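Peer 1:
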Amino acid sequence: MGYNFNAAEVYKIAVQIEENGKQFYEESQKKIDVPEVKSLFSELAKQEIEHKHRFESLMAQLPSESSTPTVWDPENELDRYIKMMADDHIFVADVKEQIAGIKDAKSALKMAIEFEKDSVLFFLSLEDAVTGKDQETIKILVKEEQAHLKRLTLELMKLK
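Heads up: the sequence shown begins at 517 in the numbering used here, then just goes up one per residue.
#1: Just to check my reading of the structure: valine 553 and glutamate 671 have Cβ atoms closer than 8 Å, yes? What is that Cβ distance to the nearest angstrom?
#2: Specify the secondary structure class of leucine 578 as computed by DSSP and reduced to three states.
#3: If we ignore side chains and look at the alpha-carbon of each, how far apart do proline 551 and phenylalanine 638 end up?
#4: Looking at the structure shown, is valine 550 part of a helix, part of a strand, or coil, going by DSSP?
#5: When the distance is taken between beta carbons, is alanine 624 closer than 7 Å to serine 544?
#6: By Cβ distance, which residues of its chain are closer than 7 Å to threonine 669, with the 5 residues on each side in sequence left out?
#7: With distances taken Cα to Cα, identify the nearest neighbour of leucine 665 among Glu643, Lys674, Lys633, Ser641.
#8: Pick out whichever of Lys562, Phe540, Glu534, Tyr527 has its Cα sitting closest to the Cα of glutamine 577.
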């Protein structure tokens, strides 16, 4: 079954992605011994928190039509589906398992870059799920994730 998301649902996904990203960056810092990368991850964790709050605020300001369900969902399964999408595709839910795969600062940066790329692609695909002014708001999400991707890539280039 395919879903067309309304803007409120897209923001719920964004909030979950930002929460998962914060956890990833906070936990990754424990395995990184390069001060510059550790500092970058600390800053990105804080930005993920800021993004989460901003997206929650934007969601609260949406007009009622932006929260109108796009599918009949008597058992509220869409919320579970949204969480699953965010967990399975962006900053996977089991952060500790992902962190276990980090060997050094380079591998942490590479993993973060892949997650940020996934975030950008995910938000770009969701942009098609909304219409009108809501599409413009979704573009904000994309720009924020692109900024993270750029910073991570530049930091990885410094280590090479």
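Think of the CB as a built atom: it goes at the ideal place given N, C-alpha and C, for glycine as much as any other residue. Please read all numbers here as calculations on a predicted model, not as lab measurements.
Peer 2: In short, the structure shows the following:
#1: Rounded to the nearest angstrom, the Cβ distance from valine 553 to glutamate 671 is 6 Å, consistent with a contact under 8 Å.
#2: Three-state DSSP puts leucine 578 in coil, outside helix and strand.
#3: Going from the Cα of proline 551 to the Cα of phenylalanine 638 covers about 30 Å.
#4: In this structure, DSSP gives valine 550 a state outside helix and strand, which the three-state scheme calls coil.
#5: A distance below 7 Å separates the beta carbons of serine 544 and alanine 624.
#6: Here the set comprises Ile629.
#7: Of Glu643, Lys674, Lys633, Ser641, the smallest CA-CA separation from leucine 665 is found for Lys633.
#8: Out of Lys562, Phe540, Glu534, Tyr527, Tyr527 has the C-alpha closest to the C-alpha of glutamine 577.
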